[in-house]
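Encoded as structure tokens, the structure appears first; notes follow it.
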Amino acid sequence: MRTGLYSPLNTRLSEIMKRARLEAGITQADLARATGRTQAYISKFENGQLRLDVADFIVFAKCLGVDARRLIDELDTEPAD
Numbered sequence: 004m005r006t007g008l009y010s011p012l013n014t015r016l017s018e019i020m021k022r023a024r025l026e027a028g029i030t031q032a033d034l035a036r037a038t039g040r041t042q043a044y045i046s047k048f049e050n051g052q053l054r055l056d057v058a059d060f061i062v063f064a065k066c067l068g069v070d071a072r073r074l075i076d077e078l079d080t081e082p083a084d
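Quick note on numbering: this note's numbering labels position 66 of the sequence shown as 69, and the sequence is numbered without any gaps.
Dropping the structure here:
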């Protein structure tokens, strides 16, 4: 299984995190302020141009009000490409 920047797994993670942000009614700018990142960083992640490390993933999930384990479960149960 490929795990690089453009891997199907990273693409799905970006999609899941973006969907969680939209469902929470949070803008990229709001998430950037809450995480201490820039809006450009959030955009690049959501567009698959960079990867989150585990610490950022957990911080992002908390800022979105989502359990990180739920996101991982969702990622793990979606079909692999």
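Positions of the beta carbon are idealized from the N, C-alpha and C atoms, including for glycine.
Same chain, Cβ closer than 6 Å to residue i, five either side skipped, listed in chain order
i, result
"Ala37", "Cys66"
"Thr41", "Ala35"
"Lys47", "Leu53"
Own chain partners of residue i with C-beta closer than 7 Å, once the 5 adjacent residues on each side are dropped
i, result
"Phe60", "Ala71"
C-beta atoms of residue i and residue j nearer than 8 Å
i, j, result
"Leu34", "Arg22", "no"
"Ile19", "Leu78", "yes"
"Ala58", "Leu74", "no"
Beta-carbon contacts of residue i that lie in its chain and below 8 Å, excluding the five residues immediately before and after
i, result
"Asn50", "Ser17"
Closest residue to residue i among the options (Cα-Cα distance)
i, options, result
"Arg15", "Gly68, Gln52, Val62 and Ala58", "Gln52"
**Request:** Please specify which runs of the alpha helix (DSSP H), each continuous and at least 4 residues long, are wholly inside the segment 18 to 81, giving them in chain order.
**Result:** 31 to 38, 42 to 49, 57 to 67 and 71 to 80
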